[in-house]
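For reference, the structure discussed in these notes is given below.
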Amino acid sequence: MRMISRLASLVSFCLASSVILAQIPYERILNAEQEPHNWLTYNGSYMSQRYSQLDQITRDNVGDLELKWVLQNQVFGAWQSNPIVVDGIMYVTERPNSVMAVDAITGRVFWKYVHTPDERSRVCCGANNRGVAVLDDKVYMGTLDARLVALDRINGELLWNAEVGDVGLAYSVTMAPLAVKDKIIVGVGGGEFGIRGYVAAFDAESGEEVWRTYTIPGPGEFGHDTWQDDDWMYGGAPVWITGSFDPEQNLTFWGVGNPGPDWNAGQRPGDNLYSDSVIALDADTGELKWYFQFTPNDGYDYDSVQVPLLADINWNGTPTKAMMWANRNGYFYVLDRTTGECLVGEPYVRVNWSSGLDENCRPIPTPQPDGMPTYPGNQGGTNWYPPSYSPRTGLFYFSAWEDYATIYYSEEQEYEPGRAFLGGGFSVLAPTQGAPTIGIGRTNPVNNWTNEVGHASLKAMDPNTGEEVWEFEQYDVSDSGMLTTASDLLITGGREGYFHVLDARTGELLYHKNLGGQIVMAPVTYMVDGVQYVSIISGNSLFNFALKD
Amino acid sequence: MSHIFQHRRARHYALVLLLGLFPVSQLIAQELGDHQYTSEAIQAGLRIYSRECALCHGPQGDLVSGINLRRGQFRTAQSDEDLRSVITEGRAQGQMPAFNLREAELSGVIAYIRAGFDPDGVAVRIGNAERGEALFNGRGECSQCHRVNGVGPRTAPDLSSIGVKRTPASLQLNLLDPAAAILPINRPVRIVTRNEETITGRRLNEDTYTVQVIDSQERLRSLIKEELVTYEISELPSKSPTNLNADEVADVVAYLLTLDGQGAAQ
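Listed in order, the protein sequences are those of chains A and B. Take any residue in the first sequence, count from 1 to its spot, add 833: that is its number in this note's numbering. Counting along the second sequence from 1, when you hit position 88 you're at 70 in this note's numbering, and nothing is skipped either side.
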């Protein structure tokens, strides 16, 4: 009798597993809005709006949120990862390069895959990884030693491990890959080490590189003459944040990082294309269709490594395929994503490196004299923190840093393979000499630098005018991304470790909870068994909230 | 905050003016004796240091054992002339190689070391620590508010390890111009709560929703901002510039530099 029941359960297990094995074909990702219970890409969908149609949690019941489970990280350091949730299973990375499959209801781990990066790996700003991509029966992760690995989504076994770049020359991958059709697309980091950046696509099944498009044009290519001599060979222009995809145009969009050496613009005369630009690449071939450069000949490390947020809007009465972009350089832009034409460009924080934008949104440079502060400072008016757009409110939301400035100095530097290629340095402007200032990330629970050296402002922008509609200020700065929902909630965090829920229309604070550690990722939401969850990583813990039972 | 930026700006314009009148190299060569350098020399020294020295000594000057360049701890050198010979001749069987620097570069890097690695700093005269301790506890009136090695009130910052936290220039500025030197977190606060309690003290920490202070009775208080009737942060410190003369200030700075957090036994 017992044997029979075991056999029966084995049969039902096999049946059940065929359900679990449901594939995630490209079509499901393409139509991600039809399954809002899942979070299928780094930014929730190809449009990267980080807007969820879930509406179980509302402004009226948000006070009933309670903690459902916590996943503790085993590795210290900024946890920038963005979970992906597929049919009740969460995939989240842990630094430096591990992937975990987690039960999204209980937080218990099914499996963990550990990739140990080559010891030659070099990254500027921490052993960060921002998450995975899923496609069909696989999960994909880029690594610090510039590999792309494909894992079996069900059991976590390694299927292939492809070279994306030369780890010996300080190439790396920290972004979550983007799965489009039958390809996995990634960009490379290393803008502080004299790389020559690119975006590359790999066959999702075999791991073979299918196309590669450099972010710095080679000899004979358009734009090559924006560099002199050999500068283009070591000119940086990395791509370290996940791009977006417009299926109608078959175009992928990527934010490109700073030129190198970072702080000596005079050492590399010219516009330095396509550094600090957005590039539109054909999804099948990688061919460049258009570009828009935000900061020509940048000497401030103003990476344009922000998420290209796509939205179809009625822009000042005209139906427009728009791209919205709060740039690290302190300006907020709205572009026509079919042409790259700039529709709006307005400063959203104090800007003094430029006195404004011309009619094509090219900045008018006003470099500050030696020793004088430049606004915004080195980390920018914003940075890579993913923004959100709510089609219901028509507003664009992001984390800005205000009253934050940097004093730069530059010096000639010769490129040496694999070594830092910075061309100078900087200090953060503080009211008192030697006072503590903002660094990359928070490692101390005491804010002894105060808001006088910079603080966060969550801004809601109107894409029609490029102007701020409302702001929510925080005392410390914030590296947290945004999440909006169909119940008009705006969910975010900050370095102080607070989980904030605001009214997305008015900015009114509805709920806040001290989670205790810096929040340097963007929250996501999903639904399992009829319960809407919100996931947010604070410090070394991934917290999951839902309404009380 | 804006007046502070204006202060910095004014100083910068003065520098531009000077550079306009004199060739830079001449300014750098204008050494004013041991521990007395121009800010131009210090600035120039930062670049030389970053290029030539930082690889081994580290950005904070503390990577070679037994040496802390920023804090002025050397194995043998004492005077600037000693430093000059260490740099130009090398030491320790070539572990410290000999550097072939131009005169202005050499002066600059020594100035940068003497300024405690503060490119905006000034090189500071350091007097007699014993006399400085007596002044600290006596006529200087420092110990009326500051605590050292377990003795004194806690209302002002405890100075038991101030010698490792601050550069000589910063300590000197704190005595001469406390308004320019006070760290933002140490600005005095005045708070009135809903039940009409007035709290004065200084902040230990602050965030969007709360503030943590030590009050004038040395109590640790954590307050929720939206429950406060008044929350004022003074731009000025509670102390005024010292009445001590230049020699006495040098002595107090020398004493403060001995406070290394290792306790009274030191």
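For each residue, glycine too, the CB sits at the ideal point set by N, CA and C.
Checklist entry - Is W912/A close to chain B, meaning its C-beta is less than 8 Å from at least one C-beta of that chain? => result With 8 Å as the cut-off, W912/A does not count as an interface residue toward chain B.
Next on the checklist: Just to make sure I have the definition right: I need the residues of chain B whose C-beta is within less than 7 Å of the C-beta of G1267/A. Which are they?
Outcome noted: Neighbours of G1267/A on chain B, chain order: D100, R148, T149 and S152.
Next on the checklist: Please list, in chain order, the residues of the stretch 66 to 100 of chain B that have any C-beta partner in chain A closer than 7 Å.
Outcome noted: From the stretch 66 to 100 of chain B, only D100 have a Cβ closer than 7 Å to chain A.
Item to check | chain B contact for N1105/A (CB, 8 Å cutoff) | outcome: The beta carbon of N1105/A does not come within 8 Å of any beta carbon belonging to chain B, so the residue lies off that interface.
Next on the checklist: Is Q1100/A close to chain B? Criterion is C-beta to C-beta, closer than 8 Å.
Outcome noted: For Q1100/A, no Cβ of chain B is located within less than 8 Å of the residue's own Cβ.
Next on the checklist: From the DSSP secondary-structure annotation, give me the bridge partner or partners of S1187/A.
Outcome noted: Answer is P1198/A.
Checklist entry - From the DSSP output, which residues share a beta bridge with Y1164/A? => result Beta-bridge pairing links Y1164/A to P1180/A.
Checklist entry - Should the stretch 1068 to 1079 of chain A be regarded as contacting the stretch 1051 to 1059 of chain A, the criterion being three or more beta carbon pairs within less than 8 Å? => result Segments in contact, no.
Checklist entry - Is the Cβ-Cβ distance between M1156/A and F1229/A less than 8 Å? => result The answer is no: Cβ separation not under 8 Å.
Next on the checklist: On the DSSP letters alone, give me the boundaries of the beta strand (DSSP E) that V982/A sits inside.
Outcome noted: Note, V982/A: beta strand (DSSP E), R980 to D985.
Checklist entry - Got a sec? Which residues, its chain only, sit under 8 Å from T1171/A by beta carbon, not counting five neighbours each side? => result Cβ neighbours of T1171/A beyond the five flanking positions: Q1082 and K1154.
Checklist entry - E188/B touches chain A at which residues, Cβ-Cβ below 7 Å? => result Using a Cβ-Cβ cut-off of 7 Å, E188/B is close to N1280, T1283 and Y1308 of chain A, given in chain order.
Item to check | Exposed unless 16 or more other CB atoms sit within 10 angstroms - verdict on V211/B | outcome: Around the Cβ of V211/B, a 10 Å sphere holds fewer than 16 other Cβ atoms; the residue is exposed.
Next on the checklist: Using C-beta distances below 8 Å, list every residue in its chain close to S1371/A, excluding the 5 sequence neighbours before and after it, in chain order.
Outcome noted: Excluding five sequence positions before and after S1371/A, the CB atoms of its chain that fall closer than 8 Å to its own CB belong to G1326, G1330, F1332, L1348, G1349, G1350, Q1351 and I1352, given in chain order.
Checklist entry - Got a sec: is the Cβ-Cβ distance from E1301/A to anything in chain B below 8 Å? => result No, E1301/A does not count as interfacial toward chain B.
Item to check | Cβ of G1251/A within 8 Å of any chain B Cβ | outcome: Not closer than 8 Å to any Cβ of chain B, the Cβ of G1251/A fails to qualify, so no.
Item to check | Rounded C-alpha distance that separates I853/A from W912/A | outcome: Only weak support exists for where I853/A lies, its pLDDT of 48 falling under 50; the value from the coordinates is given anyway. So the two alpha carbons sit approximately 28 Å from each other.
Checklist entry - Touching or not, the stretch 59 to 75 of chain B and the stretch 125 to 140 of chain B, by the rule of three or more beta carbon pairs under 8 Å? => result Touching, no.
Next on the checklist: For D140/B, tell me which candidate among A236/B, I49/B, I196/B and R66/B has the shortest Cα-Cα distance.
Outcome noted: That would be I196/B, whose Cα lies nearest to the Cα of D140/B.
Checklist entry - Which whole-angstrom value is the C-beta distance of A937/A and T874/A, which I expect to be below 8 Å? => result Not quite, the Cβ-Cβ distance comes to about 16 Å (not below 8 Å), so this is no contact.
Next on the checklist: Rounded to the nearest angstrom, what separates V1361/A and V1089/A at their Cα positions?
Outcome noted: Roughly 36 Å separates the two Cα atoms.
Next on the checklist: Using a 10 Å radius around the Cβ and a threshold of 16 neighbouring Cβ atoms, would you call D1191/A buried or exposed?
Outcome noted: So D1191/A ends up on the exposed side.
Next on the checklist: Taking only three categories from DSSP, how would you classify Q170/B?
Outcome noted: According to the sequence shown, residue 170/B is Pro rather than Gln. Reduced to three states, the DSSP call for P170/B is strand.
Checklist entry - Just reading off the beta strand (DSSP E) that Y1047/A is part of, what are its end residues? => result Annotation: the continuous beta strand (DSSP E) that includes Y1047/A extends over E1042 to Y1047.
Checklist entry - Any heavy atom of the ligand FMN within a distance shorter than 7 Å of the CB on L153/B? => result For the ligand FMN, the structure offers nothing, since it holds no ligand at all.
Checklist entry - Taking C-alpha atoms, which residue in V1177/A, T1207/A and Y1181/A lies nearest to N1193/A? => result That would be V1177/A, whose Cα lies nearest to the Cα of N1193/A.
Next on the checklist: Alpha carbons only, please: which of D897/A, F1086/A, I1018/A and G1103/A is nearest the one belonging to L1121/A?
Outcome noted: Measuring from the Cα of L1121/A, the nearest candidate turns out to be F1086/A.
Item to check | Which residues DSSP lists as bridging Q1061/A, in chain order | outcome: Within the DSSP bridge table, the entry for Q1061/A names no partner.
Item to check | Contact under 8 Å by Cβ, S1368/A with S1313/A | outcome: Contact flag unset, no.
Checklist entry - So what does C124/B bridge to, in DSSP terms? => result Under the DSSP definition of a beta bridge, C124/B lacks any partner.
Checklist entry - Can you give, in chain order, each stretch of the beta strand (DSSP E) that sits fully within the stretch 1069 to 1157 of chain A and has at least 3 residues? => result Entirely contained in the stretch 1069 to 1157 of chain A, the beta strand (DSSP E) runs reaching 3 residues are, in chain order, 1077 to 1079, 1084 to 1088, 1110 to 1115, 1121 to 1126 and 1142 to 1148.
Item to check | T70/B, DSSP secondary structure in three states | outcome: Here DSSP, grouped into helix, strand and coil, assigns T70/B to helix.
Checklist entry - Along chain A, which residues have their Cβ under 8 Å away from the Cβ of S252/B? => result No answer is possible for residue 252/B: the residues shown for chain B start at -17 and end at 248.
Item to check | Every unbroken beta strand (DSSP E) within the stretch 104 to 165 of chain B, with a cutoff of 3 residues, ordered by chain | outcome: You should have found no qualifying run.
Next on the checklist: Tell me the rounded alpha-carbon separation between R928/A and Q194/B.
Outcome noted: Near 33 Å, if we compare the C-alpha coordinates of Q194/B and R928/A.
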